[in-house]
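Note that our numbering has the sequence shown beginning at 853, numbered continuously upward. C-beta: ideal position from N, C-alpha, C; glycine also. Here the structure comes first, spelled out in structure tokens, and everything after it is commentary.
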Amino acid sequence: PTLRVARLARQHVPLALSGDGGEECFAGYGRHFMAERLKRHLRLPRQLRRTLAAGAGFFARAGRDDVIGKLPLSASARHFIRSDRMERLARLLTASNEDELFQRLARPQAENLGRQRPTEPIHCHGGPPLDDLLSRLLCDDMAGYLPGDILVKLDRATMANSLEGRCPLLDHRVVEFSWRLPSNMKVRDGAGKWILRQLLRRYLPQHLIERPKQGFDVPIAAWLRGPLRNWASDLLADMRAESSDVLDAAKIDACWRDHIDGQNRSRELWSALMFQAWRSRANRQAQQTGPIHEPDLAGV
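In structure tokens:
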């Protein structure tokens, strides 16, 4: 979608502004404003949290059936249950401590598909470990997801169309200001980007400020059950045939079955499939040119 928007924009202007960076600076993703609520749930007895997780898991599985239709729920509640958020909530509720909760919020793929869970503390620019859960999540996004995914996509889409893309929210003064703000200036009343919303009230109608986030989503969930199903099955077969210290084939097979049966596990599956596609390609290249060795960086 970003590529097409850039193509359309270039027909009219040579430069376009992007809102990228707003979520990472001012807490705009669901995991950001779920963090404090889930942190409070850690105070509940573990058995009670397991019971709540089991209930959430039941509704996640029943969300595609007639069970939900018989309950007096609002449209937004029905949408929440039918999305993958209910399944994620069930897994998050069983976290035993704040570190485990962070790992499940920040790295669900590693939690659900990997053989090992990353346990290293999150540091920001070499400073001391961050104690606040929201700050840890924002720092993790700022150091990894933003430059390694979001900005790569924007740069490739705009440059492919000779369009200059700029991100005013990533001006260093804005970023520095955002890190001086307390968490309650970013997340409040169950919503993120609170301070930005207050600013925009001066210029935009209320219904535009409060409407749900609408990203450039790609229908990967449907594609994996449709036109990409055979491609994904072949990659998963390759994964089972090759040993891996990174991915757990049994977990991924279970995730694949859940997805085919109606649950939305496309996020985890897509990460695993991209890794396997890269590994298969690297193996083919190695067979042609010899094994790939890690570069010797000693003395660099």
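Less than 7 Å divides the Cβ of H884 from the Cβ of L989. Cβ-Cβ distances below 7 Å link W1046 to M1037, K1038, V1039, R1040 in the same chain, with the five nearest sequence neighbours on each side left out; the list follows chain order. Closest in alpha carbon position to S1118, among A995, G1042, P1071, is P1071. Spanning the alpha carbons of A861 and A1012 requires a straight line of approximately 12 Å. Within the DSSP bridge table, the entry for G1017 names A868 as partners. Going by beta carbons, C1019 and S870 fall inside the 7 Å limit. In this structure, the CA atom of V1004 is about 8 Å from the CA atom of L998. In the DSSP assignment, A1043 forms a beta bridge with R1040.
Taken atom to atom, the span from the alpha-carbon of P1079 to that of G1114 is near 16 Å.
By the neighbour-count definition (other C-beta atoms within 10 Å, threshold 16), F1029 is an exposed residue.
Residue nearest to R1081 within the set L1022, R1109, R856 is R1109 (criterion: CA-CA distance). The alpha-carbon of P897 is positioned some 11 Å away from that of L945.
At a Cβ-Cβ threshold of 7 Å, L1125 and A1084 count as neighbours.
In summary, N1116 is buried, with 16 or more beta-carbon neighbours lying within 10 Å of its beta-carbon over all protein chains present.
Per DSSP, the unbroken alpha helix (DSSP H) holding L1125 starts and ends at 1118-1141.
Residue environment for Q1050: exposed (fewer than 16 other C-beta atoms within 10 angstroms of its C-beta). When secondary structure is reduced to three states using DSSP, L998 falls in the helix class. The closest CA to that of N949, considering only E1016, V1098, L985, S1096, is found on L985.
Looking from the CA of W1031, the closest CA among L957, V857, E875, H864 belongs to E875. For Q955, the enclosing alpha helix (DSSP H) begins and ends at 950-958.
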